[in-house]
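Chemist: Position one of the sequence shown corresponds to residue 8 (this note's numbering), numbered consecutively onward.
In this text, a Cβ means the ideal position worked out from N, Cα and C, and glycines have one as well.
Quick one: the structure is below, and I'll ask about it shortly.
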Amino acid sequence: MDKHQNSQLLKQDNSMKEPFLDKLTQESLVINKTEEPAHGHGHAAPPAVRTGLAKLFGDNYITFSILTALFFGTYNFLIDTAMQGQMPTLRIMYLTGVFPIIYYLAYHITQAVQLNKKKGKFWTRSDSAYIKENGSIDWYLIRLVFGRFLCTLTLVGQVYYTFSSSIKSGISSAIITSLYAGNVLTTSLAFYLIFGEKLTQKHLVGMIFIVISIIMISYGKDSQIDSSLTNKYTLSVWVPIGMAFLGCFLFTTQSLISRAVRATKISSLQYTADSIVLSSLITTSLALFEHLAVQPYTLQEALYVLSASAVWILGVLCLNGAITYGKAGPVQALAQLQSPSQLIMEISIFTRIPTLYGVSGMLLSIIGALIIILSKK
Numbered sequence: 008m009d010k011h012q013n014s015q016l017l018k019q020d021n022s023m024k025e026p027f028l029d030k031l032t033q034e035s036l037v038i039n040k041t042e043e044p045a046h047g048h049g050h051a052a053p054p055a056v057r058t059g060l061a062k063l064f065g066d067n068y069i070t071f072s073i074l075t076a077l078f079f080g081t082y083n084f085l086i087d088t089a090m091q092g093q094m095p096t097l098r099i100m101y102l103t104g105v106f107p108i109i110y111y112l113a114y115h116i117t118q119a120v121q122l123n124k125k126k127g128k129f130w131t132r133s134d135s136a137y138i139k140e141n142g143s144i145d146w147y148l149i150r151l152v153f154g155r156f157l158c159t160l161t162l163v164g165q166v167y168y169t170f171s172s173s174i175k176s177g178i179s180s181a182i183i184t185s186l187y188a189g190n191v192l193t194t195s196l197a198f199y200l201i202f203g204e205k206l207t208q209k210h211l212v213g214m215i216f217i218v219i220s221i222i223m224i225s226y227g228k229d230s231q232i233d234s235s236l237t238n239k240y241t242l243s244v245w246v247p248i249g250m251a252f253l254g255c256f257l258f259t260t261q262s263l264i265s266r267a268v269r270a271t272k273i274s275s276l277q278y279t280a281d282s283i284v285l286s287s288l289i290t291t292s293l294a295l296f297e298h299l300a301v302q303p304y305t306l307q308e309a310l311y312v313l314s315a316s317a318v319w320i321l322g323v324l325c326l327n328g329a330i331t332y333g334k335a336g337p338v339q340a341l342a343q344l345q346s347p348s349q350l351i352m353e354i355s356i357f358t359r360i361p362t363l364y365g366v367s368g369m370l371l372s373i374i375g376a377l378i379i380i381l382s383k384k
């Protein structure tokens, strides 16, 4: 009997060390027992509350995906307006870290106050998402958050070099960034191989429609690009293409990490706050250095980019929740509607006349979105 009991205990101990992929195969049990949202200045909450955000995002991931597209489209529009057709500079991107820091502080202060009302303390070890039920530190979660931090920080430089290298190579940055639509396919493939997430034929058709629409809209923008910045640079077109594919890899990696946190105590709201605060602190510090020691930001630059920072964090919150609890492929496809959203803003605010490709692309994107929405199940 002693040997049998020891064997059973060993099996139980090993099962606790299984990777998150094994845990995620038990969908309903994992979601209901370990996921959302953390309560208090940390995490573990009663099951009825803990499943609240999981149910909200899971049942409405289509809606949150569309909101993501609107927020990101607004972000792109504001950043482009701040650039005013000039060569992209990293100093502009530095300011985008301001509102993520504000969100981080607001979230944790709110949770700390709520926990203090319940337990008389602003923080307890048992309520922390980074502490397992057995009292040990959750190094797995720490690695996930740190991995997301690295991806986010890398994306700041990647986005800048994608725009600048596209200008130096003489090709429209709109054409190059349309390659980001490939993220829809890479994410779908990755989630199928790793999580076994299958899509219906209608999902695939809708996603393909959206990818084609992004390419058409970008091609339409190409004819409107001012080439005055490109004639003094010569750079291989494969450089911006390579940077765009790097972006696809980073976006897919971020999506995988977002889904992986389902096997931990952390909520998607806290995960968003914690995973981007380090990179935001770095970029905001660089922004202060730029403003005080290099070149002050103009009021117009600050207003546009800070506004972009605010809508960006809203987009990230919607995207993280939708990917964590929805179908990643359709979520990423609908998020790509940010391109037609941006085009609509340019038409309505700056009265820019779209090309035939732009109009056709918008129609295709609407059709693709409707196909995905109507085939949600």
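Does Ile138 come out as helix, strand or coil in the three-state DSSP assignment?
Modeler: Taking the first residue of the sequence shown as 1, we reach residue 138 at position 131. In the structure shown, Ile138 sits in a strand (DSSP, three-state: E or B).
Chemist: Please say whether Ser372 and Ile217 have beta carbons closer to each other than 9 Å?
Modeler: On the sequence shown, residue 217 is found 210 positions in, with the first residue counted as 1. On the sequence shown, residue 372 is found 365 positions in, with the first residue counted as 1. The answer is yes: Cβ separation under 9 Å.
Chemist: If you measure between the beta carbons of Leu85 and Ala376, is that distance less than 9 Å?
Modeler: Locating residue 85 in the sequence shown gives position 78, where the first residue counts as 1. Locating residue 376 in the sequence shown gives position 369, where the first residue counts as 1. Contact flag unset, no.
Chemist: To the nearest angstrom, report how far apart Ser35 and Met250 are at their CA atoms.
Modeler: Here the question's residue 35 lines up with position 28 in the sequence shown. Here the question's residue 250 lines up with position 243 in the sequence shown. Confidence in Ser35 is poor, its pLDDT being 34 and thus under 50, which makes the residue's placement unreliable; the coordinate value appears in the next sentence. Whole-angstrom Cα-Cα distance: 38 Å.
Chemist: Could you check the C-alpha separation between Leu74 and Asn190 for me, to the nearest Å?
Modeler: The residue you call residue 74 lines up with position 67 of the sequence shown. The residue you call residue 190 lines up with position 183 of the sequence shown. Their backbone Cα atoms lie some 18 Å apart in a straight line.
Chemist: Would you mind sorting Gln208 into buried or exposed? The rule is 16 or more other CB atoms within 10 Å of its CB.
Modeler: To locate residue 208, count along the sequence shown from 1; it is residue 201. With fewer than 16 other Cβ atoms within 10 Å, it is exposed.
Chemist: Only counting the same chain, and skipping five residues up and downstream in sequence, which positions put a Cβ closer than 7 Å to that of Gln345?
Modeler: Start at 1 with the first residue of the sequence shown, and residue 345 comes out as number 338. Once the five neighbours on either side are set aside, the close Cβ partners of Gln345 are Ala76, Phe79, Gly80 and Asn83.
Chemist: Apart from the five residues just before and just after Ile144, which ones in its own chain have a Cβ nearer than 8 Å to its Cβ?
Modeler: Counted from its first residue, the sequence shown places residue 144 at position 137. Around Ile144: Tyr137 and Ile138.
Chemist: Any idea what DSSP makes of Ile289, helix, strand or coil?
Modeler: Taking the first residue of the sequence shown as 1, we reach residue 289 at position 282. Reduced to three states, the DSSP call for Ile289 is helix.
Chemist: What does the alpha-carbon distance come out to for the pair Ser286 and Met100?
Modeler: The count along the sequence shown starts at 1 and reaches residue 286 at position 279. The count along the sequence shown starts at 1 and reaches residue 100 at position 93. Ser286 and Met100: Cα-Cα distance of roughly 12 Å.
Chemist: Here's a check: name, in chain order, each residue in its chain whose Cβ is nearer than 7 Å to the Cβ of Thr88, leaving out the five neighbours to either side.
Modeler: As a working mapping, residue 88 is identified with position 81 in the sequence shown. Taken in chain order, the residues that qualify are Tyr311.
Chemist: Please return the same chain residues whose Cβ sits closer than 7 Å to the Cβ of Gln261, not counting the five positions on each side in sequence.
Modeler: Position 254 of the sequence shown, counting from 1, holds the residue named residue 261. Excluding sequence neighbours, Gln261 sits near Arg155 and Cys158.
Chemist: Spatial neighbours of Val105 within its chain, please: CB distance less than 7 Å, with the 5 preceding and 5 following residues excluded, ordered by chain position.
Modeler: Here residue 105 refers to the residue found at position 98 of the sequence shown. Thr291, Leu313 and Ser316, listed in sequence order.
Chemist: Is the segment 109 to 116 in contact with the segment 292 to 306, if contact means three or more CB pairs nearer than 8 Å?
Modeler: Not touching, per the Cβ criterion.
Chemist: Please classify Ile378 as buried or exposed, where buried requires at least 16 neighbouring CB atoms within 10 angstroms.
Modeler: Here residue 378 refers to the residue found at position 371 when the sequence shown is read from its first residue. With 16 or more other Cβ atoms within 10 Å, it is buried.
Chemist: Starting from Lys124, follow the alpha helix (DSSP H) in both directions and report where the run begins and ends.
Modeler: In the sequence shown, the residue the question calls residue 124 occupies position 117. Run containing Lys124: Val105 to Lys126, per the alpha helix (DSSP H) assignment.
Chemist: With hydrogens ignored, establish whether the beta-carbon of Met369 is closer than 8 Å to any heavy atom of the ligand NAD.
Modeler: Absent from the structure shown: the ligand NAD. Ligands present: none.
Chemist: In the structure shown, what three-state DSSP assignment does Ile273 receive?
Modeler: Residue 273 sits at position 266 when you count from the first residue of the sequence shown. If DSSP states are grouped into helix, strand and coil, Ile273 belongs with coil.
Chemist: DSSP on Ile360, reduced to helix/strand/coil?
Modeler: As a working mapping, residue 360 is identified with position 353 in the sequence shown. Coil at Ile360, not helix or strand.
Chemist: Is the Cβ-Cβ distance between Thr331 and Phe153 less than 9 Å?
Modeler: On the sequence shown, position 324 is the one that residue 331 refers to. On the sequence shown, position 146 is the one that residue 153 refers to. Not a contact, by the Cβ cut-off of 9 Å.
Chemist: Is it true that the CB of Thr193 sits closer than 9 Å to the CB of Phe258?
Modeler: Stepping through the sequence shown from its first residue, residue 258 is reached at position 251. Stepping through the sequence shown from its first residue, residue 193 is reached at position 186. Against a cut-off of 9 Å, the Cβ pair of Thr193 and Phe258 comes out as a contact.
Chemist: CB-CB under 7 Å to Phe71, same chain, minus the five flanking residues each way: which ones, in chain order?
Modeler: To locate residue 71, count along the sequence shown from 1; it is residue 64. Only Phe64, Cys325, Gly328 and Ala329 meet the Cβ criterion.
Chemist: In terms of DSSP beta bridges, what is Ile351 paired with?
Modeler: Within the sequence shown, residue 351 is the residue found at index 344, counting from 1. Per DSSP, none; premise fails for Ile351.
Chemist: Counting along the chain, where does the alpha helix (DSSP H) carrying Leu326 start and finish?
Modeler: Sequence index remark: in the sequence shown, residue 326 carries index 319 (1-based). Its alpha helix (DSSP H) spans residues Leu306 to Tyr332.
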